[in-house]
Amino acid sequence: MARLETRLRNLPEREAIVFMAALTERLLHNYRLFHEVSGGGDRRRVDSAMALVWEALLVPAARIDFTLQGEKLAAIEAGLDDQLAESDVSFGAQMARDATLALSTCLEALAGQRPEGALELSRLSRHGVERFIELSEGEEIEDEEGLSALIDAHPLMADERDFQQEVLERLEAPLDAPALRALKRLGRNEGVSNIGLSLDDE
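Going by our numbering, the residue at position 122 of the sequence shown is 155; the numbering climbs one at a time, nothing skipped.
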């Protein structure tokens, strides 16, 4: 991961935001699933903010107030924070909060306020996968070394590494409109999130 993080730190600003947008697109499936199951949150506003991120990348001349968009998203984040403060907090709410945090980071990066956002989102997505593996399969493993080995060898973590690597490789080509649309499709990942869940699972 050290090599990956070095590459992320060295990405030009636009390429870094595209990387963030692709990861966020995939993370947002967790938010959509949470909204579908719990009825909480505001999927329409979240999807609208994500669409504006791609619009800004596809149409650099577009005039979008990303500070205002961030303020609108903050209300949704506050609602999730309230749920996370409860004793019976669900893992779904945690993953939904990660997704809105990723989207908020994209908005801040587009406003010029998050220079290391790509690295932050890379870690955020990986950590979500780690938590999911630990929750679903790691309860009986008592030592940290064994748990670390489980996580590192798990197919979901391998998929996470491959996904981030593929996004990075695609950033090496000119980021014209077709390339950006292809990265958006890659991020949508056929409706499957970074932890392997989709609305079809329900």
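Yeah, the Cβ is synthetic: ideal placement off N, Cα and C, and Gly gets one too. Please read these numbers as outputs of a predicted model, since none were measured by experiment.
Sequence-distant residues of the same chain with beta carbon closer than 6 Å to residue i, five excluded per side
| i | result |
| --- | --- |
| arginine 36 | none |
| proline 93 | none |
| glutamate 48 | Leu204 |
| valine 200 | Phe52 and Ala55 |
| alanine 144 | Phe99 and Thr100 |
| arginine 147 | Thr138 and Glu141 |
| aspartate 22 | Given that the chain is displayed from residue 34 to residue 235, the structure contains no residue 22 and the question cannot be resolved. |
C-beta contact flag for residue i and residue j at 9 Å
| i | j | result |
| --- | --- | --- |
| methionine 34 | arginine 159 | yes |
| methionine 128 | glutamate 163 | no |
| glutamate 58 | lysine 217 | yes |
| alanine 151 | leucine 219 | no |
| glutamate 167 | phenylalanine 99 | no |
| threonine 138 | glutamate 110 | no |
| alanine 135 | leucine 61 | yes |
| alanine 126 | leucine 106 | no |
| glutamate 202 | arginine 42 | no |
| asparagine 227 | glutamate 193 | yes |
Proximal residues to residue i (C-beta, below 8 Å), its chain only, five neighbours per side dropped
| i | result |
| --- | --- |
| glutamate 235 | Here glutamate 235 scores only 44 on pLDDT, less than 50, and its place in the model should not be relied on; the value that follows carries that caveat. Same-chain partners within the cutoff: Leu66, Glu69 and Val70. |
| proline 88 | The sequence given here has glutamate at residue 88, not proline. These residues qualify, in order along the chain: Ala95 and Ile97. |
| glutamine 198 | Leu37 |
| histidine 224 | Before going on, a small fix: residue 224 reads as glycine here, not histidine. For glycine 224, where only same-chain residues beyond five positions count, the Cβ hits under 8 Å are His62, Ser231, Leu232 and Asp233. |
N-terminal and C-terminal residue of the alpha helix (DSSP H) that residue i is part of
| i | result |
| --- | --- |
| glutamate 175 | Element bounds for glutamate 175: n/a, residue is neither H nor E. |
| leucine 143 | 124-143 |
| alanine 35 | 35-42 |
Reduced DSSP secondary structure (H/G/I, E/B, other) of residue i
| i | result |
| --- | --- |
| proline 211 | helix |
| glutamate 235 | Caution is warranted here: a pLDDT of 44 is assigned to glutamate 235, below 50, making its placement in the model unreliable, and the coordinate value is therefore given only provisionally. Coil, per DSSP. |
| glycine 74 | coil |
| glutamine 197 | helix |
| methionine 53 | helix |
| alanine 94 | coil |
| isoleucine 109 | helix |
| arginine 147 | coil |
| alanine 206 | coil |
| glycine 161 | helix |
| glycine 229 | coil |
| histidine 187 | coil |
Beta-carbon proximity list for residue i, same chain, < 7 Å, skipping 5 on both sides
| i | result |
| --- | --- |
| leucine 281 | No answer is possible for residue 281: the residues shown for the chain start at 34 and end at 235. |
| glutamine 102 | Ala82, Leu85 and Leu140 |
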